[in-house]
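One structure is given below, encoded as structure tokens.
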Amino acid sequence: MEQIGYTSDASRLDAVFHALADGTRRAILSRLIEGEASVNELAEPFSISQPAVSKHLKVLERAGLVERAIDEQRRPARLKADTLLEAVGWLVDFRPMWGTSFDQLDALLLQMQETDQIGTDT
Amino acid sequence: MTDLPTFIVDREFKAPRSLVWRAWTDPKLLAHWYGPGVETVIHKFELKPEGVWLNEMKMKGGSNFQKMIFKEIEEPSKMVWHHCSADADWNVAANPMMPDWPRKLLTTVTFEERESGTTVRLTQVPLEATDAEIACFDQMKDGMSGGWGAGFKFVDELLETLG
Chain L
17 MEQIGYTSDA
27 SRLDAVFHAL
37 ADGTRRAILS
47 RLIEGEASVN
57 ELAEPFSISQ
67 PAVSKHLKVL
77 ERAGLVERAI
87 DEQRRPARLK
97 ADTLLEAVGW
107 LVDFRPMWGT
117 SFDQLDALLL
127 QMQETDQIGT
137 DT
Chain X
3 MTDLPTFIVD
13 REFKAPRSLV
23 WRAWTDPKLL
33 AHWYGPGVET
43 VIHKFELKPE
53 GVWLNEMKMK
63 GGSNFQKMIF
73 KEIEEPSKMV
83 WHHCSADADW
93 NVAANPMMPD
103 WPRKLLTTVT
113 FEERESGTTV
123 RLTQVPLEAT
133 DAEIACFDQM
143 KDGMSGGWGA
153 GFKFVDELLE
163 TLG
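What follows is the structure, encoded as structure tokens:
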């Protein structure tokens, strides 16, 4: 399997988790899926200041999820789609495995009992 | 040994213990619920000490393989297995996505009959782990219980958008 762009580096891991733990940053990522945007354009819908957006972008950049154009004056932020996809694929593997599985077991047990019920009734 | 990070999850199911045991030990039923929202294929399932459970979870970026080796089976109250991450040939191997994730986890599940249903406790402790593996497990374990719910929900949404 292809190595994810970064190593198992615990700090890198922290950066991705930290980046995704914040609602505004998740919203920024969602917006960037539609295309690149300047700090100005990002600040508008979230009714937060441009410096605050810049700060969020720095966190996303550090996590490798976003990149900023260097030469252009408005320095639009772009999604690093590959990194994001990799990171997401990786995160999915570590979704609360047992919590989610147990929800599914719950549903199955309910179903099994209903079926048993039908079996004994008829 | 006592300072190893331990992952514990308790859950109560509204079903008699015999049924919970069946859902856990019939590979067809097990494949149905095991794995967080992924397709699970159970390639082999030998419910006896030293028997193996070869498990494939079909993830977005490719399959994820686990080899479980049963150690204790006490129907219907307890099972113990070594939970190993594996490569596609079922050799115990580091998870390529996360090399420091413990390759082996000692997993203990107990089933307790209650009036209202069955209480299940699942415990996982790194086994024969390196310091890096122990640190990684400790960190992930804390992260998982630290309210990642919204983050993971976002991941699901992203997969729908990007997938």
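Residue numbers (the working numbering), protein chains in the order written: chain L, 17 to 138; chain X, 3 to 165.
Note that beta-carbon positions come from the ideal geometry of N, C-alpha and C, so glycine has one too.
Predicted model, so just to flag it, every value in this text is computed and none were measured.
Curious, which full-length alpha helix (DSSP H) runs of at least 4 residues does the stretch 25 to 108 of chain L contain?
-> Contiguous alpha helix (DSSP H) elements confined to the stretch 25 to 108 of chain L occur at 26 to 36, 39 to 49, 55 to 62 and 66 to 78, taking only those with 4 or more residues.
Report yes if the C-beta distance between residue 105 (chain X) and residue 90 (chain X) is below 8 Å; otherwise report no.
-> no
Chain L contact for residue 38 (chain X) (CB, 8 Å cutoff) | yes
Quick one: using the 10 Å Cβ neighbour count with 16 as the cut-off for buried, is residue 131 (chain L) buried or exposed?
-> Classification for residue 131 (chain L): exposed.
Ordered along the chain, which non-local residues of its own chain (more than five positions away) have a Cβ less than 8 Å from that of residue 66 (chain L)?
-> 55, 56 and 59
DSSP state of residue 32 (chain X), grouped into three classes?
-> helix
Would you call the CB atoms of residue 43 (chain X) and residue 61 (chain X) closer than 8 Å?
-> no
Determine the contact status of residue 54 (chain X) and residue 70 (chain X), defining contact as a CB-CB distance below 8 Å.
-> yes
Selection from X:107, X:21, X:56 and X:52 that minimises the alpha carbon distance to residue 92 (chain X) | X:56
Neighbour flag for residue 19 (chain X) against chain L, beta carbons, 8 Å | no
Heavy atom of the ligand COA within 7 Å of residue 124 (chain L) beta-carbon | The ligand COA is absent from the structure shown, which contains no ligand whatsoever.
Take residue 138 (chain X) and list the residues in its own chain whose beta-carbon comes closer than 8 Å to its own, dropping the five residues that flank it on each side.
-> Closer than 8 Å at Cβ, skipping near neighbours: 100, 102, 103 and 104.
Ordered along the chain, which non-local residues of its own chain (more than five positions away) have a Cβ less than 6 Å from that of residue 79 (chain L)?
-> 31, 32 and 35
Kindly indicate which three-state DSSP category residue 15 (chain X) falls into: helix, strand or coil?
-> strand
Minimum Cβ-Cβ distance from residue 23 (chain X) to chain L less than 8 Å | Chain L has no Cβ within less than 8 Å of the Cβ of residue 23 (chain X).
Across which residues does DSSP place residue 132 (chain X) in a beta bridge pair?
-> Its beta-bridge partners do not exist; DSSP assigns none.
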